[in-house]
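Student: Have a look at the structure that comes next, please.
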Amino acid sequence: MENKPYILVVEDDKPIRNFITAALSAQGFKYMETDKGNDAVALSMSHNPDLIILDLGLPDIDGIEVIAKVRQWSKTPIIIVSARENERQKVEALDKGADDYLTKPFGIGELLARIRVSLRHTAMNQSPNIDKDLFKVKNLVVDFNKRRVVINNEEIHLTPIEFKIMSLLCKYPGKVLTHNFIIHEIWGAELGNETQSLRVFMASLRRKIEKNPAQPEYIYTEVGVGYRLVDE
Ligand code: CA
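Per our numbering, the sequence shown runs over residues 2 to 233.
And the structure:
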């Protein structure tokens with residue numbers, strides 16, 4: 002990326018907004034800031050930022066509404082910043098098209114890591130040179146064409162559903178995928194009893210790829226939200 006990414010910060014809590022923008026400037030990012038949802042929609046239209054950091058509880062329109070509006074014309078990555086008590090809202094935001102979330106309070110390191118992941122996804126999606134047949138992270142290699150999964154140089158056998166889930170996670174490394182999203186992609190069903198089935202499949206997938214499934218190295222659980230594959 003030649004130019005430093007341009008980031009829109011939408012947060013009505015001034016100390017938090019200052020904390021975020023200070024971290025962005027320290028990293029040399031350019032940014033715009035606003036405390037209102039309507040301004041966020043207008044600014045993202047007029048300035049087409051590379052990424053949006055968005056609070057959900059805003060004084061005018063809700064963050065969820067901002068996502069819905071921005072997603073009508075733009076794929077700009079959106080990272081939600083939200084309080085822990087808004088778990089359900091967070092899931093809704095992700096299902097509406099947000100890319101990731103941070104729970105307040107969060108550290109600068111965590112914020113910057115999420116920004117890097119989201120910007121990398123954009124770069125990856127735009128690059129024709131990335132090998133789309135092979136995914137590698139740590140000691141895990143997934144070959145989509147041969148439907149092979151290798152861990153620590155040993156091939157492991159996955160059932161067709163497990164392989165589908167694994168492939169889906171590999172398509173979005175570092176990004177949290179909600180239960181609803183995974184279920185929709187794998188079974189094409191709306192959220193029902195499938196959450197339980199998903200848990201069962203994830204447990205068996207973990208037993209096969211994780212040395213210690215209770216302390217996973219590859220697939221993290223985002224409690225109450227979904228799963229995230231490690232990306233570096
Ligand atoms: Ca707020």
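Here a beta-carbon is modelled for each residue, glycine too, at the ideal position from N, C-alpha and C. None of the values given here were measured: they were computed from a predicted structure.
If contact is defined by three or more beta carbon pairs under 8 Å, each pair taking one atom from either stretch, is the stretch 77-96 in contact with the stretch 133-145?
Tutor: no
Student: Can you determine whether any heavy atom of ligand 1 sits closer than 8 Å to the C-beta of Glu12, and answer yes or no?
Tutor: yes
Student: Alpha carbon to alpha carbon, what distance is there between Ala124 and Met2?
Tutor: Since pLDDT at Met2 reaches only 45, below the 50 mark, its modelled position is unreliable, and the value read off the structure follows with that caveat. C-alpha separation (whole angstroms): 8 Å.
Student: Hey, could you find the ends of the beta strand (DSSP E) Val151 is sitting in?
Tutor: Arg149 to Ile152
Student: Is Asp14 closer than 9 Å to Lys37 when the C-beta atoms are compared?
Tutor: no
Student: Tell me whether the beta-carbon of Ile54 lies closer than 9 Å to the beta-carbon of Leu112.
Tutor: yes
Student: Apart from the five residues just before and just after Asn153, which ones in its own chain have a Cβ nearer than 8 Å to its Cβ?
Tutor: If we look at Asn153 and ignore the five residues flanking it on each side, its Cβ neighbours are Asn140.
Student: Taking the Cβ atom as the reference point for each residue, do Ile81 and Asp56 lie within a distance shorter than 9 Å?
Tutor: Closer than 9 Å, so yes.
Student: With C-beta atoms as the reference, is Glu155 less than 9 Å away from Leu169?
Tutor: A distance of 9 Å or more separates the beta carbons of Glu155 and Leu169.
Student: Could you check which residue in Thr35, Pro6 and Asp40 has the C-alpha nearest to that of Leu25?
Tutor: Pro6
Student: When you compare only the Cα positions, how much space is there between Asp96 and Glu66?
Tutor: 12 Å
Student: Return the first residue and the last residue of the beta strand (DSSP E) that Ser83 is part of.
Tutor: Ile79 to Ala84
Student: Which first and last residues belong to the alpha helix (DSSP H) in which Arg72 is found?
Tutor: First-last for Arg72: undefined, no H or E at that position.
Student: Give me the DSSP bridge partner(s) of Arg229.
Tutor: Val177 and Tyr221
Student: DSSP beta-bridge partners for Glu34?
Tutor: Val10
Student: Using 10 angstroms around the beta-carbon of Arg208, count the other beta-carbons present and answer buried if the total reaches 16, otherwise exposed.
Tutor: By the 10 Å Cβ count, Arg208 comes out exposed.
Student: For Glu211, collect the residues of the same chain with a Cβ closer than 8 Å to its Cβ; drop the 5 residues on either side in sequence, then sort them by chain order.
Tutor: Pro217, Glu218, Tyr219 and Ile220
Student: In terms of residues, what are the limits of the beta strand (DSSP E) holding Asp56?
Tutor: Leu52 to Asp56
Student: Is the separation between the beta-carbon of Leu230 and that of Val138 shorter than 9 Å?
Tutor: yes
Student: Given 8 Å as the limit, tell me if Asp63 has its C-beta closer than that to any heavy atom belonging to ligand 1.
Tutor: Asp63 has its Cβ no nearer than 8 Å to any heavy atom of ligand 1.
Student: Measuring alpha carbon to alpha carbon, tell me which of Val71, Ile157 and Ala94 ends up nearest Val226.
Tutor: Ala94
Student: DSSP three-state label for Ile105, please.
Tutor: At residue 105 the sequence reads Lys, which differs from the Ile that was named. Correct three-state label for Lys105: strand.
Student: Can you find a heavy atom of ligand 1 that lies under 8 Å from the Cβ of Asp51?
Tutor: no
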